[in-house]
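So the sequence lines, in the order shown, correspond to chains F and V. Position one of the first sequence corresponds to residue 2 (this note's numbering), numbered consecutively onward. Position one of the second sequence corresponds to residue 2 (this note's numbering), numbered consecutively onward. C-beta: ideal position from N, C-alpha, C; glycine also.
Number of protein chains: 2
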Amino acid sequence: MSSQTPSQIRTEMLPGATPEVPVEAPAVAAPGSLVRMLEVLDQFTPDQPVIRVDDLQARLGYTKSTAYRYVKALCDAGLLAQASQGRYSLGPRIVELERLMRIADPLLQAGEAVLPELAAEMPNSMVLLCSLYRDKVLCVHREGPEAIEAGGRRISILRARGLPLPLFQGAASLVILASLPTPRIRALFVQRQAEMAAAGLGADWAAVRQRLAGIRRDGQVTTVGRFNRHLAAVSVPVRSRDGAQVAGSLTRIMPAEAYPGEDPALLLQRLQACAAQVSARLA
Amino acid sequence: MSSQTPSQIRTEMLPGATPEVPVEAPAVAAPGSLVRMLEVLDQFTPDQPVIRVDDLQARLGYTKSTAYRYVKALCDAGLLAQASQGRYSLGPRIVELERLMRIADPLLQAGEAVLPELAAEMPNSMVLLCSLYRDKVLCVHREGPEAIEAGGRRISILRARGLPLPLFQGAASLVILASLPTPRIRALFVQRQAEMAAAGLGADWAAVRQRLAGIRRDGQVTTVGRFNRHLAAVSVPVRSRDGAQVAGSLTRIMPAEAYPGEDPALLLQRLQACAAQVSARLA
DNA sequence: TTAACTTTCCCAAAATGTGGGAAACGGCGC
DNA sequence: GCGCCGTTTCCCACATTTTGGGAAAGTTAA
């Protein structure tokens with residue numbers, strides 16, 4: 002909601018939407034204080050890991066009192082910490098909670114047990130374990146070297162854990178997306194058709210459906226030079242132990258010039274076997 | 002506050018507190034909805050990484066409506082994610098934010114550059130980098146092996162990052178505590194005297210002050226068999242680049258039987274040199 | 001499909017967040 | 001150590017919002 006300014010043009014009006022509605026009619030209700038407080042967290046970026054209370058007032062339209070009220074509540078919860086006078090950064094609670102997730106995440110544990118061997122089989126190549134949360138795909142773990150030598154460059158994926166991936170692009174995401182239950186995909190399509198089209202997934206429902214069905218049939222997505230001009234990626238879904246749903250995706254990333262190597266089918270097979278091993282270890 | 006039920010007995014009444022006050026008088030104001038919503042995050046533990054909405058209602062005294070309202074707000078912010086019907090877990094946003102902290106944290110970056118060499122110098126031993134946030138000490142990074150062989154056992158500190166350390170116990174914390182500006186220590190003493198006493202820091206202000214002054218003079222804390230019966234730890238403060246304040250602490254952990262080794266003074270010197278290197282690299 | 005459950009929606013009443021300013025606090029320079 | 005200034009909390013009347021009970025809508029499993 003926050004990313005869609007009123008001036009943006011919607012590609013197509015949703016069927017059933019009231020036409021001729023006055024411009025200022027708010028589509029969504031005004032956010033309550035709860036949501037407003039959590040917007041504070043949006044303000045932190047790699048470029049601005051420390052934020053001043055004045056900036057919050059300015060950017061989010063808070064009054065002094067409100068800004069400090071929110072900051073205090075978040076500080077007391079440990080989500081924020083005072084960096085110095087008037088400046089606040091993200092707090093220790095986030096690191097603690099993330100550790101909790103790391104400890105509790107069965108996918109990560111299974112991956113940590115299985116992936117090292119897989120990663121070691123191919124030098125100058127890394128393995129990514131990704132997961133879907135709600136409607137976001139995140140890299141959960143990387144195994145193998147931090148960087149790959151490709152196209153004469155050294156391409157590194159540093160600090161992979163927590164790296165957000167676009168939901169409608171990239172092998173790791175598409176493989177997950179395609180494995181979702183159809184109604185869920187349909188719901189996503191209705192909500193985010195424009196994004197899907199922009200990502201080249203298809204302009205209408207039929208096209209998207211067909212594209213994803215194809216991926217589901219293949220059981221893999223291979224991209225060459227999409228994520229990075231010099232890299233290739235092969236991705237397969239990781240299913241839950243009972244096989245009923247997707248738990249995430251397993252991706253092998255290598256130099257584009259190394260793909261297809263001697264036996265791409267074998268590479269794929271090995272990846273799928275590993276994904277099955279991970280599945281088998283899920284709680 | 003949530004951990005202090007009304008039935009608990011306070012060890013000692015704070016000086017200046019109104020005596021003879023009727024039992025039901027709330028010492029602190031009733032928490033607002035902002036704080037209440039954030040209490041939801043407290044409910045997640047390693048044993049219970051997934052929580053049901055019913056449990057929230059029961060444990061926190063919410064009504065159905067309120068519970069779902071809070072959960073929805075937290076979900077929309079990405080702090081929570083729906084695991085399955087009626088069950089929620091911590092959300093992707095936490096992993097993302099933690100990554101942001103990892104990227105932005107100068108202490109961690111400096112540590113990652115300097116610590117590997119230090120860790121490699123002594124086998125069967127690890128190095129911990131810790132940091133103070135607000136009034137919590139957290140392990141920020143571990144370098145070296147995941148486990149130490151000591152006392153015939155294999156003692157592992159797995160997933161060190163995010164591990165919370167008690168503020169008034171342990172070499173890593175004490176070294177930081179002692180390096181804090183005196184007014185800050187004094188404030189902590191007033192607020193948490195009982196905890197300090199329980200941790201053996203001293204029963205009154207004079208004792209605490211003296212103890213910490215001693216640590217400050219030494220520039221290190223060494224404990225043997227405190228954190229774990231079979232382990233020894235030597236900890237030194239890491240100062241900010243200008244040396245004006247503490248940025249964290251650097252700790253060498255080793256088997257208790259290996260300390261003191263040939264030259265404990267050299268070990269300490271090396272640690273302090275490394276801490277200085279880290280300081281020099283701080284932004 | 002039914003059945004059981006989860007989740008959202010609705011609305012009047014009441015509780016609580018809001019905001020302006022003043023007061024307390026705390027760091028920094030002199 | 002003292003005083004200055006920006007930061008942070010406190011205060012309180014007002015009204016905007018949260019609240020909660022139940023009903024409706026949505027989702028999953030059988």
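- [ ] Can you have a look at V/V191 and say buried or exposed, based on whether 16 or more other CB atoms are within 10 angstroms of its CB?
- [x] exposed
TODO: Could you tell me whether the stretch 271-281 of chain F touches the stretch 166-181 of chain F, where touching means 3 or more Cβ pairs closer than 8 angstroms?
DONE: no
TODO: Using a Cβ cut-off of 7 angstroms, pull out every chain V residue sitting near F/A284, in sequence order please.
DONE: Within chain V, no residue comes near F/A284; the closest Cβ sits about 11 angstroms away, beyond 7 angstroms.
TODO: Give every residue of the same chain whose Cβ lies closer than 7 angstroms to the Cβ of F/L213, excluding the five residues on either side of it in the sequence, and list them in chain order.
DONE: L178, A179, I186
Task: C-beta contact flag for F/G226 and F/A199 at 9 angstroms - done: no
Task: Contact set for V/L91: own chain, Cβ-Cβ below 6 angstroms, skip 5 residues either direction - done: F45
Task: Cutoff 6 angstroms; reference V/L119; Cβ partners in own chain excluding five residues on either side - done: V128, C275
Task: Where V/C76 meets chain F, residues with beta-carbon distance less than 8 angstroms - done: R135
Task: F/V115 to F/R282 span [Cα, whole Å] - done: 9 angstroms
Open item on the list: Applying the 10 Å Cβ sphere with the 16-neighbour rule, what's the burial state of V/L42?
Closed with: buried
TODO: Name, please, each residue of chain V whose Cβ falls closer than 7 angstroms to the Cβ of F/A82.
DONE: Y134, R135
- [ ] Let me know the secondary structure DSSP gives F/Y63 once reduced to three states.
- [x] coil
Task: CA-to-CA distance, V/G249 to V/V239, given in whole angstroms - done: 5 angstroms
Open item on the list: With the cut-off set at 9 angstroms, would you say F/L35 and V/R88 are in Cβ contact?
Closed with: no
- [ ] Return the chain-ordered ranges of every beta strand (DSSP E) run that is complete within the stretch 77-115 of chain F and spans a minimum of 3 residues.
- [x] 81-85, 88-91
Task: Residue(s) in a DSSP beta bridge with F/Q49 - done: F/T46
Open item on the list: Counting beta carbon pairs with one atom in the stretch 91-108 of chain F and one in the stretch 156-170 of chain V, are three or more of them shorter than 8 angstroms?
Closed with: yes
Task: Nearest candidate by alpha-carbon position, reference F/P93, set V/C131, V/E40, V/V247, V/L267 - done: V/C131
Task: For F/R70, the three-state DSSP class (helix, strand or coil) - done: helix
- [ ] Starting from the Cα of F/V235, find the closest Cα among F/L202, F/I254, F/G244 and give me that residue.
- [x] F/I254
TODO: Kindly say whether F/I149, judged by its beta-carbon, lies nearer than 9 angstroms to any beta-carbon of chain V.
DONE: no
Task: Residue(s) in a DSSP beta bridge with F/V54 - done: The partner list for F/V54 (beta bridge, DSSP) is empty, contrary to what the question assumes.
Open item on the list: Under 9 angstroms, Cβ to Cβ, is there at least one residue of chain V near F/D243?
Closed with: no
- [ ] Quick one: grab the DSSP three-state call for V/L202.
- [x] coil
- [ ] Would you decide whether F/R135 is buried or exposed? Buried here means 16 or more other CB atoms lie within 10 Å of its CB.
- [x] exposed
Open item on the list: Residues of the stretch 81-114 of chain V in Cβ contact with chain F at a cutoff of 7 angstroms, in chain order, please.
Closed with: A82, Q83, L91, G92, P93, I95, V96, E97, L98, E99, R100, L101, M102, R103, I104, A105
Task: 7 angstroms Cβ shell around F/N229 - same chain, five flanking residues per side excluded - done: I156
TODO: Rounded to whole angstroms, what's the CA-CA distance from F/A217 to V/L61? Just pull it up for me.
DONE: Note on residue identity: the sequence assigns Arg, not Ala, to residue 217 of chain F. Cα to Cα, F/R217 sits roughly 43 angstroms from V/L61.
Open item on the list: Please classify F/A74 as buried or exposed, where buried requires at least 16 neighbouring CB atoms within 10 angstroms.
Closed with: buried
- [ ] Within 10 angstroms of the Cβ of F/G215, are there 16 or more other Cβ atoms? Answer buried if so, exposed if not.
- [x] exposed
- [ ] Can you tell me the Cβ-Cβ gap for F/L232 and F/A151, rounded? I've got them flagged as a contact below 8 angstroms.
- [x] 6 angstroms
- [ ] Taking only beta-carbon positions, decide if V/F228 is within less than 9 angstroms of chain F.
- [x] no
Task: Cross-chain neighbours of F/R162 in chain V, by beta carbon under 9 angstroms - done: V96, E99, R100, R103
Open item on the list: Let's test the definition: count the other Cβ atoms within 10 Å of the Cβ of V/Q49 and tell me whether it reaches 16, buried, or not, exposed.
Closed with: exposed
TODO: Under 7 angstroms Cβ to Cβ from F/I79, same chain only, skipping five residues before and after it: list those, please.
DONE: Residue identity differs from the one stated: residue 79 of chain F is Gly in this sequence, not Ile. G92, P93, R94.
Open item on the list: For a test of the three-state rule: what should DSSP assign to V/V24, helix, strand or coil?
Closed with: Here V/V24 scores only 37 on pLDDT, less than 50, and its place in the model is too uncertain to base an answer on.
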